[in-house]
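*Asks:* My questions all concern the structure below.
Residue numbers (the numbering used here), protein chains in the order written: chain H, 284 to 416; chain G, 601 to 746.
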């Protein structure tokens with residue numbers, strides 16, 4: 284048994300890195316609103332735990348990913364009605380470089396995530412002081 | 601990028617265009633639809649084993665106090681509301697998440713024991729466990745030797 288575990292682990296790690304691209308993902312429904320100081324993205328992520336959310340902001344591209352494991356053994360379950368599928372959520376947005384990436388923060392409640400994207404100082408109207416010498 | 605970095609407006613114009621573009625490629629029926637405006641909300645998955653029926657629905661943003669679940673005989677009712685007030689003074693770039701009230705009634709294939717029905721709401725997913733009424737549970741008949 285010990286050998287089996289040792290052999291299986293590297294395999295599952297490879298699967299984990301790849302499945303985010305290979306597995307089919309659902310597009311979460313979102314609201315995006317712009318306030319004076321920030322952009323607020325609200326996303327429906329039912330069944331996603333906080334630790335299974337992966338948010339990346341790189342070079343103006345915001346990527347949102349929520350990992351959802353099957354809640355039932357789908358092959359062994361006797362379904363009477365199946366109106367929706369259960370799986371990962373994925374969506375990306377090009378936000379440009381107007382966001383202060385260090386101050387991005389997210390909250391999750393009842394399966395809804397609120398992602399706050401504060402606007403960078405550089406794109407807020409700025410007064411330039413002219414120094415006299 | 602067509603915009604200059606110092607222009608505060610164009611950054612968000614770009615975002616707006618990008619978001620719009622995301623949806624252009626979608627086929628019919630996959631575009632942004634207000635979930636709560638569809639006739640059947642919430643969507644349900646229902647399955648069974650020998651002991652019980654199980655109903656599951658995705659209800660993100662619905663708090664337990666805004667949700668009512670009833671089971672009578674062989675009928676399950678899920679009723680609730682999701683409210684998000686429109687924010688004054690904010691500009692919405694996207695508004696896909698539906699709001700409002702919903703009611704869904706489904707007829708179950710067997711009678712359930714209404715007294716023992718349990719409902720749990722976790723991370724926006726509702727799971728209702730409906731134990732089958734005793735008279736419909738599979739019963740092993742002892743065969744007597746003649």
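Glycine included, every Cβ here is placed at the ideal spot set by N, Cα and C.
Does DSSP put residue 375 of chain H in a helix, a strand or coil?
*Replies:* As a working note, residue 375 of chain H is residue 92 in the first chain. Residue state, collapsed to three classes: strand.
*Asks:* Can you pull the chain H neighbours of residue 673 of chain G, defined as C-beta to C-beta under 7 Å?
*Replies:* On the second chain, position 73 is the one that residue 673 of chain G refers to. In chain order: nothing, as chain H lies at least about 17 Å away.
*Asks:* For residue 642 of chain G, tell me which candidate among G:692, G:653, G:704 and G:683 has the shortest Cα-Cα distance.
*Replies:* Here residue 642 of chain G is taken as the residue at index 42 of the second chain, counted from 1. Ranking the options by Cα distance to residue 642 of chain G, first place goes to G:704.
*Asks:* According to a CB-to-CB cut-off of less than 7 Å, which residues of the region 680-711 of chain G neighbour chain H?
*Replies:* Those would be 687, 690, 691, 692, 693, 694, 695, 696, 697 and 709, in chain order.
*Asks:* Does DSSP put residue 735 of chain G in a helix, in a strand, or in coil?
*Replies:* In the second chain, counting from the first residue as 1, residue 735 of chain G sits at position 135. In this structure, residue 735 of chain G counts as helix in the three-state DSSP scheme.
*Asks:* Beta carbon of residue 723 of chain G, beta carbon of residue 414 of chain H: below 8 Å?
*Replies:* For the purposes of this step, residue 723 of chain G is identified with residue 123 of the second chain, where counting begins at 1. For the purposes of this step, residue 414 of chain H is identified with residue 131 of the first chain, where counting begins at 1. Taking 8 Å as the Cβ cut-off, residue 723 of chain G and residue 414 of chain H do not qualify as a contacting pair.
*Asks:* On the DSSP bridge list, what partners appear for residue 702 of chain G?
*Replies:* The sequence position of residue 702 of chain G within the second chain is 102, counting from 1. Note: residue 702 of chain G sits in a beta bridge opposite G:680.
*Asks:* Taking only beta carbons into account, state which residues of the region 366-378 of chain H come closer than 7 Å to chain G, listed in chain order.
*Replies:* So the list reads 366, 367, 376, 377 and 378, given in the order they occur along the chain.
*Asks:* Note down, in chain order, each residue of its chain lying with its Cβ closer than 6 Å to the Cβ of residue 668 of chain G, except the 5 sequence neighbours on either side.
*Replies:* The residue you call residue 668 of chain G lines up with position 68 of the second chain. The answer, listed in chain order, is 679.
*Asks:* Name the two residues that bound the continuous beta strand (DSSP E) containing residue 645 of chain G.
*Replies:* Reading the second chain from its first residue, position 45 is the one you call residue 645 of chain G. Here the beta strand (DSSP E) through residue 645 of chain G covers 644-648.
*Asks:* Can you find at least 3 beta carbon pairs, one from the region 658-666 of chain G and one from the region 727-745 of chain G, that sit closer than 8 Å?
*Replies:* They do not touch, by the three-pair rule.
*Asks:* Please list the partners that residue 427 of chain H has in chain G, where partner means a Cβ-to-Cβ separation under 7 Å.
*Replies:* Examination of residue 427 of chain H is not possible in this model, given that chain H is present from 284 through 416 alone.
*Asks:* For the region 383-393 of chain H against the region 361-375 of chain H, are there 3 or more C-beta pairs whose distance is under 8 Å?
*Replies:* Too few Cβ pairs lie closer than 8 Å, so no.
*Asks:* Would you verify that the beta carbon of residue 659 of chain G is, or is not, closer than 8 Å to some beta carbon of chain H?
*Replies:* Against the second chain, residue 659 of chain G aligns to sequence position 59. Judged by the 8 Å Cβ criterion, residue 659 of chain G is in contact with chain H.
*Asks:* From residue 735 of chain G to residue 672 of chain G, what distance separates their C-alpha atoms?
*Replies:* Mapped onto the second chain, residue 735 of chain G falls at position 135. Mapped onto the second chain, residue 672 of chain G falls at position 72. Rounded to the nearest angstrom, the two C-alpha atoms are 16 Å apart.
*Asks:* What is the C-beta distance between residue 733 of chain G and residue 727 of chain G, in whole angstroms, given that I count them as a contact (C-beta under 8 Å)?
*Replies:* For this step, residue 733 of chain G is matched to residue 133 along the second chain. For this step, residue 727 of chain G is matched to residue 127 along the second chain. Incorrect: roughly 20 Å between the Cβ atoms, too far for contact.
*Asks:* I want to see whether chain H comes within less than 8 Å of residue 662 of chain G, judged by CB atoms only; does it?
*Replies:* As a working note, residue 662 of chain G is residue 62 in the second chain. Chain H contact via Cβ: present.
*Asks:* Tell me whether residue 666 of chain G sits in a helix, a strand or coil according to DSSP, three-state version.
*Replies:* In the second chain, residue 666 of chain G corresponds to position 66, counting from 1. If DSSP states are grouped into helix, strand and coil, residue 666 of chain G belongs with the helices.
*Asks:* Which residues in the same chain have their Cβ closer than 8 Å to the Cβ of residue 328 of chain H, if we skip the five residues on either side of it in sequence?
*Replies:* To locate residue 328 of chain H, count along the first chain from 1; it is residue 45. Result list for residue 328 of chain H: 311, 336, 349, 372, 391, 394, 395 and 396, in chain order.
*Asks:* Below 8 Å on the Cβ atoms is my guess for residue 706 of chain G versus residue 644 of chain G; work out the distance and round it to an integer in Å.
*Replies:* Numbered from its first residue, the second chain carries residue 706 of chain G at position 106. Numbered from its first residue, the second chain carries residue 644 of chain G at position 44. Correct: roughly 6 Å between the Cβ atoms.
*Asks:* How many Å lie between residue 730 of chain G and residue 710 of chain G at the Cα?
*Replies:* Reading the second chain from its first residue, position 130 is the one you call residue 730 of chain G. Reading the second chain from its first residue, position 110 is the one you call residue 710 of chain G. Near 10 Å, if we compare the C-alpha coordinates of residue 710 of chain G and residue 730 of chain G.
*Asks:* Can you pull the chain G residues whose beta carbon is under 9 Å from the beta carbon of residue 362 of chain H, in chain order?
*Replies:* For this step, residue 362 of chain H is matched to residue 79 along the first chain. Going along chain G in sequence order, the residues near residue 362 of chain H (Cβ under 9 Å) are 645, 646, 647 and 648.
*Asks:* Which one or two residues does DSSP pair with residue 361 of chain H in a beta bridge?
*Replies:* As a position in the first chain, residue 361 of chain H is number 78, starting the count at 1. In the DSSP output, where bridge partners are listed per residue, residue 361 of chain H has G:648.
*Asks:* With 8 Å set as the bound, which would you pick, yes or no: does the beta-carbon of residue 325 of chain H sit closer than that to a beta-carbon of chain G?
*Replies:* Taking the first residue of the first chain as position 1, residue 325 of chain H is located at position 42. Output row for residue 325 of chain H: interface = yes.
*Asks:* Can you list, in chain order, the residues of its chain whose CB lies under 7 Å from that of residue 624 of chain G, leaving out five sequence neighbours each side?
*Replies:* Counted from its first residue, the second chain places residue 624 of chain G at position 24. Low confidence applies here, because residue 624 of chain G scores a pLDDT of 43, under 50, leaving its location unreliable; read the following figure in that light. Cβ within range, chain order: n/a, list empty.
*Asks:* I'd like to check one pair, residue 398 of chain H with residue 316 of chain H: are the Cβ atoms closer than 8 Å?
*Replies:* By one-based count along the first chain, residue 316 of chain H stands at place 33. By one-based count along the first chain, residue 398 of chain H stands at place 115. For residue 316 of chain H and residue 398 of chain H, no; Cβs fall outside 8 Å.
*Asks:* Am I right that residue 375 of chain H and residue 400 of chain H are in contact with their C-beta atoms under 8 Å? What's the rounded C-beta distance?
*Replies:* For the purposes of this step, residue 375 of chain H is taken as residue 92 along the first chain, with counting starting at 1. For the purposes of this step, residue 400 of chain H is taken as residue 117 along the first chain, with counting starting at 1. So it is not a contact: roughly 14 Å between Cβ atoms.
*Asks:* Does residue 690 of chain G come out as helix, strand or coil in the three-state DSSP assignment?
*Replies:* Position 90 of the second chain, counted from the first residue, corresponds to residue 690 of chain G. Reduced to three states, the DSSP call for residue 690 of chain G is coil.
*Asks:* For residue 333 of chain H, which three-state DSSP category applies?
*Replies:* One-based indexing of the first chain puts residue 333 of chain H at position 50. Correct three-state label for residue 333 of chain H: helix.
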